[in-house]
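Here is the structure we will look at, set down as structure tokens.
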Ligand code: PMP
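Below, the structure is given as structure tokens:
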């Protein structure tokens with residue numbers, strides 16, 4: 349009965365790793381997936397995560413019961429504090445509902461499903477370009493997806509005018525997806541002044557902000573600094589959505605731990621919204637897993653572990669920034685034609701190199717370097733040892 353099923357294409361991002369795994373070359377390099385690697389090219393489990401897990405396994409009072417539909421209460425409380433700030437007016441006024449979801453993706457999906465059921469406007473604007481999963485997550489949630497201009501290839505920077513024009517002509521009430529920091533794939537973020545202009549425009553048109561916060565702490569190395577755009581929008585008293593992921597900043601990728609927060613007008617609305625979120629979640633996966641959320645709650649509520657986390661997080665962010673400098677220097681040393689300053693200007697895990705899909709295929713074929721076809725490379729997958737190989741490949745690709 350399934351003979352008619354046609355083979356689906358590989359996921360454009362995860363498929364890069366599938367191709368990489370098949371390549372027998374000893375020099376192969378995977379810069380496709382945005383997962384942090386050490387200078388030795390190994391995945392990293394943070395020390396604070398090991399410590400928290402140690403505490404958890406040694407606590408014999410812990411059981412494996414189901415969590416509530418909305419997840420672990422302490423995790424939700426700490427997650428809201430992390431993104432909004434401990435003294436956030438929205439938290440103090442009990443206007444926020446936070447539910448634990450399956451990492452960033454699951455938080456976006458639950459938020460999208462809630463909006464499709466309970467919000468009067470079905471249109472969501474996403475930046476062009478954006479993380480490839482966004483359009484699929486939101487359209488399958490029942491929203492109608494449109495794009496707003498974001499990136500200008502000629503400057504390799506923000507198309508701020510285009511962004512303001514597109515959001516300015518969006519229908520009143522439309523939802524707007526915003527990357528809280530470290531925009532994926534471009535590495536281009538608005539300045540705080542630009543954020544405030546975006547906020548004013550959005551509030552004046554009643555556009556509903558939906559922040560995707562997958563890289564808090566990874567952009568600047570500071571959790572608070574990276575949350576500033578979200579906090580700007582909270583400070584004006586308006587409503588918003590935030591999807592948080594602990595995949596990158598705590599390295600909990602496979603634990604699938606994240607949170608959806610909805611800031612409402614008052615405590616009563618927030619509690620009714622939460623009751624409806626439960627109806628979205630219950631038939632989808634019933635309730636979220638316990639282990640990852642317990643790790644996060646343990647780290648975030650303990651002052652020493654929290655401080656240690658900020659140091660480890662900063663070290664990851666700094667290593668990425670150092671990779672940017674090394675790659676930039678290596679291209680300069682080779683006299684590679686073109687202006688490569690965007691490599692050091694862009695923010696977060698990725699560099700949007702400007703290489704086209706043909707150049708990317710050449711680098712994969714000749715140099716065994718794997719990346720998405722839009723020319724995005726994960727700086728977190730590079731090391732001092734592999735920078736020269738990448739620089740050789742880029743040089744060859746652009747001088748061919
Ligand atoms: N949003 C953005 C912008 C991302 O880059 C990612 C991860 N690549 C996610 C959301 C979701 O990641 P996860 O579901 O692993 O938390």
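Residue numbers (my numbering): 349 to 748.
All residues carry an ideal CB built from backbone N, CA and C; glycine is no exception.
Start-to-end residues for the alpha helix (DSSP H) that takes in residue i
i	result
residue 700	From DSSP, residue 700 is part of no alpha helix (DSSP H) but of the beta strand (DSSP E) over 698 to 700.
residue 651	651 to 682
residue 708	705 to 715
residue 751	Coverage of the chain is limited to positions 349 through 748, which leaves residue 751 absent and any answer about it impossible.
residue 510	508 to 516
residue 690	690 to 693
residue 566	It is not in any alpha helix (DSSP H) - residue 566 carries neither H nor E in the DSSP assignment.
residue 409	It is not in any alpha helix (DSSP H) - residue 409 carries neither H nor E in the DSSP assignment.
residue 483	482 to 488
residue 747	735 to 747
residue 573	571 to 574
Counted within 10 angstroms of its Cβ, other Cβ atoms place residue i as buried (16 or more) or exposed
i	result
residue 451	buried
residue 691	buried
residue 747	exposed
residue 519	exposed
residue 560	buried
residue 402	exposed
residue 490	exposed
residue 527	buried
residue 538	buried
residue 577	buried
residue 554	exposed
residue 507	buried
residue 352	exposed
residue 574	buried
residue 624	exposed
residue 432	buried
Where the beta strand (DSSP E) containing residue i begins and where it ends
i	result
residue 554	Note, residue 554: premise wrong, no beta strand (DSSP E); not H, not E.
residue 495	492 to 497
residue 450	444 to 450
residue 362	No beta strand (DSSP E) holds residue 362; the alpha helix (DSSP H) holding it covers 362 to 370.
residue 527	523 to 527
residue 724	724 to 726
Own chain, CB closer than 8 Å to residue i, minus 5 neighbours either side, in chain order
i	result
residue 426	644, 645, 648 and 649
residue 477	498, 499, 533, 534 and 722
residue 376	368, 716, 717 and 718
residue 360	480, 720 and 721
residue 546	511, 512, 515, 526 and 538
residue 584	547 and 551
Local conformation of residue i per DSSP, three classes
i	result
residue 628	helix
residue 475	strand
residue 607	strand
residue 584	coil
residue 467	coil
residue 391	strand
residue 433	coil
residue 378	strand
residue 350	coil
residue 343	Absent from the structure is residue 343, since the part of the chain shown begins at 349 and ends at 748.
residue 385	strand
residue 718	strand
residue 418	coil
residue 618	helix
residue 623	helix
residue 599	coil
residue 455	helix
residue 642	helix
residue 428	helix
residue 505	strand
residue 400	helix
Cβ neighbours of residue i in the same chain (closer than 6 Å, five flanking residues each side left out)
i	result
residue 608	447, 449, 455, 458, 459 and 591
residue 604	450 and 451
residue 600	594 and 640
residue 510	497
residue 679	688 and 739
residue 668	727 and 728
residue 379	719, 725, 726 and 729
residue 392	384, 386 and 599
residue 589	459, 558 and 610
residue 571	564 and 565
Close Cβ partners of residue i (< 7 Å) along its chain, the five nearest in sequence each way excluded
i	result
residue 396	647, 653, 656, 657 and 660
residue 630	417
residue 487	493
residue 505	536
residue 463	491 and 523
residue 627	none
residue 587	556, 611, 612 and 613
residue 320	This structure leaves residue 320 out entirely; the chain is present only between 349 and 748.
residue 365	378, 380 and 381
- Item | Any 3 or more C-beta pairs closer than 8 Å across the region 657 to 666 and the region 711 to 721 | Verdict: no, contact absent.
- Query: Do the region 671 to 680 and the region 722 to 739 make contact, defined as three or more Cβ pairs closer than 8 Å?
  - Reply: The region 671 to 680 vs the region 722 to 739: in contact.
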